[in-house]
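Going by the working numbering, the first residue of the sequence shown is number 1, and it counts up by one from there.
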Amino acid sequence: MAKSDTKIDRSVVPASEGRAYRVQKGSRIRVETPHGAQAADFFAFNAENVGEWLSANHTWVTTFNVKPREGDTLISQFRRPMLTFTDDGASGVHDMMIAACDQFRYEFFGHEGHHPSCAENLHLAMRRIGQPINSVPQPINFFTNTRIEEDGSFVSPPNPVSPGSYVELEALMDLICVVSSCPFDLVVDGWPINAEGGPSALLVSVS
Ligand SMILES: [Zn+2]
């Protein structure tokens, strides 16, 4: 996954799986949902210290918006700039509020036995590149439709993201980024996180 100086590295994140990418300072990472409406949980770590990570809630208290917007600077929990959101090809349909799904969320909804999750995908992807972590930071959930109502209630209307939608971000420090194709496939009233028909693959390129 190391960045090449001469070509763009492209990769498929299979449905319900996760992958880690090294993104050098000044490089860009692009995430696309070719089938549309596939939630992409996005995490980023300082490549030199994985104890520093992209923090959604430190970001939104700085940008004064609970959604990431084109042009925003996304920061770490130490309030250092990590990424610029350079290109939003998904019309702002993103979320910074929903915690990564994990085994216990699926059990909460009545699932029995193991279920893949974004938390597990994150840990596997980081172990695969020799950078194990114990935490699960709040991800930025690209291509995820949520809204906060005037009374403070939090809703997730059907996902309207069209096929081929994408986001692109520029690294402001050397990073390890993880992209998870959210495996959420349960039929739960009010939580249509992914498209009908279940999780689908994502495309990631680093240039
Ligand atoms: Zn998930």
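Virtual Cβ for every residue (Gly too), placed ideally from N, Cα, C.
- Residue state for Met-97 is assigned as coil, using DSSP reduced to three classes.
- Note on geometry: alpha-carbon atoms of Ala-56 and Glu-112 lie some 31 Å from one another.
- Runs of the beta strand (DSSP E) lying entirely within the segment 92-174 and spanning at least 3 residues, in chain order: 140-142 and 165-171.
- Taking 8 Å as the cut-off, the Cβ atoms of Val-204 and Ser-11 count as close.
- Between Ala-40 and Val-31 a beta carbon distance of about 5 Å is seen, short of the 8 Å cut, so the two are scored as contacting.
- Taken through DSSP and simplified to helix, strand or coil, Val-61 comes out as helix.
- Setting aside the 5 residues that flank it on each side, Trp-191 is surrounded in the same chain by Ser-156, each with a C-beta closer than 6 Å to its C-beta; the list follows chain order.
- Cβ-Cβ separation between Gly-36 and Pro-163: approximately 4 Å, consistent with a contact (criterion under 8 Å).
- Pro-183 has its Cβ nearer than 7 Å to a heavy atom of ligand 1.
- Distance from the C-beta of Asp-41 to the nearest heavy atom of ligand 1 is below 7 Å.
- C-alpha of Ile-98 to C-alpha of Met-173: approximately 26 Å in a straight line.
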